[in-house]
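Before any comments, here is the structure.
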Amino acid sequence: MNQPRTLSILNGRLIDPANKVDASLDLHILDGKIHALGDAPADFKAEATIDASGQIVCPGLIDLSARLREPGEEHKATIASESMAAARGGITTLCCPPDTSPAIDTPAVVELIRRRAETSGRARILPIGALTKALGGEQLSEMAALQKAGCVALSNGLLPFGSTLIERRAMEYATTFGITTFLHPEEPHLRNQGCAHEGAIASRLGLPGIPEAAETVAVARDLALAEQTSCKIHFRGISAGSAARMIRRAQYDKLPVSADVAAHQLHLTDADIVGFDSNCHVSPPLRTKEDRETLRSAIADGTIGAICSDHQPHEADAKEAPFPSTAPGISALETLLPLTLRLVEEKVLSLPDAIARLTSGPAQILGLPLGRLDIGRSADVCIIDPKRQWQLKAEEMLSCGHNTPFLGWEFSSQVTHTLLEGRLVYQETN
1338 MNQPRTLSIL NGRLIDPANK VDASLDLHIL DGKIHALGDA PADFKAEATI
1388 DASGQIVCPG LIDLSARLRE PGEEHKATIA SESMAAARGG ITTLCCPPDT
1438 SPAIDTPAVV ELIRRRAETS GRARILPIGA LTKALGGEQL SEMAALQKAG
1488 CVALSNGLLP FGSTLIERRA MEYATTFGIT TFLHPEEPHL RNQGCAHEGA
1538 IASRLGLPGI PEAAETVAVA RDLALAEQTS CKIHFRGISA GSAARMIRRA
1588 QYDKLPVSAD VAAHQLHLTD ADIVGFDSNC HVSPPLRTKE DRETLRSAIA
1638 DGTIGAICSD HQPHEADAKE APFPSTAPGI SALETLLPLT LRLVEEKVLS
1688 LPDAIARLTS GPAQILGLPL GRLDIGRSAD VCIIDPKRQW QLKAEEMLSC
1738 GHNTPFLGWE FSSQVTHTLL EGRLVYQETN
């Protein structure tokens, strides 16, 4: 597709939370960069225009956790397929966790992902490097080399450290290089072999439970280590209300800590596993209504600064077994934005705040100049029709994974255009 050097997006409601902009403004793009807002400069002539009348124009979305399954699990999905799904969802930047196969623990794997992302060309892929070699939890990775190769943060994925001492050493090393550490807050011994929130519903269904303490104990430990090491930590995927309260207190005490929550945790609860719907098997598990309401409050007041998809596409067979034996995770790129905008309908967030949790919030956590529409910045843009009614159907999903409990849900907002660095990478055709 030939892309124009100059493009104007006209008549839209431009919302840029990072710059506190919410106004009817035109947006003008030159050579992949934001060139002007409002009236076009006298010497600017648009080769193409998009009429965004009645629509929202905002920065492209940033997803802090999306498993693209490549390299290593291409039978589930590929970078190409999931980048297409991301573009359809208005997402221009995806953070890829390190638990690929092989793990992202060498610059060579980072380069492989970069090349395949460039071939796809539909989304910016930012690798999260491994904190330990092969995510084994024992030997520290070459963090400096991973940072130099392009990793924007470090993590041990969903796997535990061999000991608290090793975690401390990893955080000290990361601090030396100023690298943000993404932590999965779960104490593995307390999780045991659980697959659902430990409570009345899991007991009634005969499912092994995961206590809330599995998360809160890990959060308490990691906060203590962050204070000891001065490491900038980010809690990836909070599910427990008590954990959110602990993080709020730590932020009040000026610890360098941030957190995100998966969109499904803000809508579903452990009551949704009744009927043994394996699409509701997620990790961390869906918790109680009270936990959900506390998470919503933490999103509203900014304690939790980002909403992510926690995208985990699976082949159909991975979800066709007894509930405890199924693979956890939801295919979630195409529902990240509509689920977040549903929080606006339900009066949890204002529209600018909802967009902030998907743009400037994640960018701030990563420390990157993304998620904003500054003059001279990359023209990553999402255009949303807030009145477009649609229903999520498996046969219409672009992700290779159709494993989602939201099939059949009706949504009232839909992406019509996505631009990455000024290039149109998705356009709604209905």
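The numbering of the sequence shown is my numbering, which starts it at 1338 and goes up by one. C-beta: ideal position from N, C-alpha, C; glycine also.
- Per DSSP, R1404 is not a residue of any beta strand (DSSP E), being assigned neither H nor E.
- For G1578, the uninterrupted alpha helix (DSSP H) run begins and ends at G1578 to Y1589, by DSSP.
- A1507 is not a Cβ neighbour of L1463, given a cutoff of 7 Å.
- Look at D1647 here: in three-state DSSP terms it is coil, with no helix or strand label.
- Here L1431 is bridged, per DSSP, to D1400 and I1462.
- The residue among T1512, V1446 and D1559 with its C-alpha nearest the C-alpha of T1501 is D1559.
- In the three-state reduction of the DSSP assignment, V1619 falls in the coil class.
- Counting along the chain, the unbroken alpha helix (DSSP H) around T1512 starts and ends at T1501 to T1513.
- Here I1636 really is in contact with R1694; their C-beta atoms are around 6 Å apart, less than 8 Å.
- Membership of R1624 in any alpha helix (DSSP H) is not indicated, and neither H nor E is assigned to it by DSSP.
- Boundaries cannot be given for R1342, as no beta strand (DSSP E) includes it and DSSP labels it neither H nor E.
- The shortest CA-to-CA distance from A1417 to any of D1436, S1595 and R1452 is the one to R1452.
- 7 Å or more divides the Cβ of I1428 from the Cβ of G1466.
- Nearest to N1529 by C-alpha distance, out of A1669, G1666, P1621 and R1404, is P1621.
- Secondary structure remark: continuous alpha helix (DSSP H) runs of at least 4 residues inside the stretch 1676-1730, in chain order: 1688-1693 and 1697-1703.
- T1386: member of the beta strand (DSSP E) spanning A1385 to D1388, first to last residue.
- D1353 counts as buried, since at least 16 other C-beta atoms from the protein chains shown sit within 10 angstroms of its C-beta.
- A residue is called buried once 16 or more other Cβ atoms fall within 10 Å of its Cβ, and H1648 is buried on that count.
- Under DSSP, G1612 forms no beta bridge with any residue.
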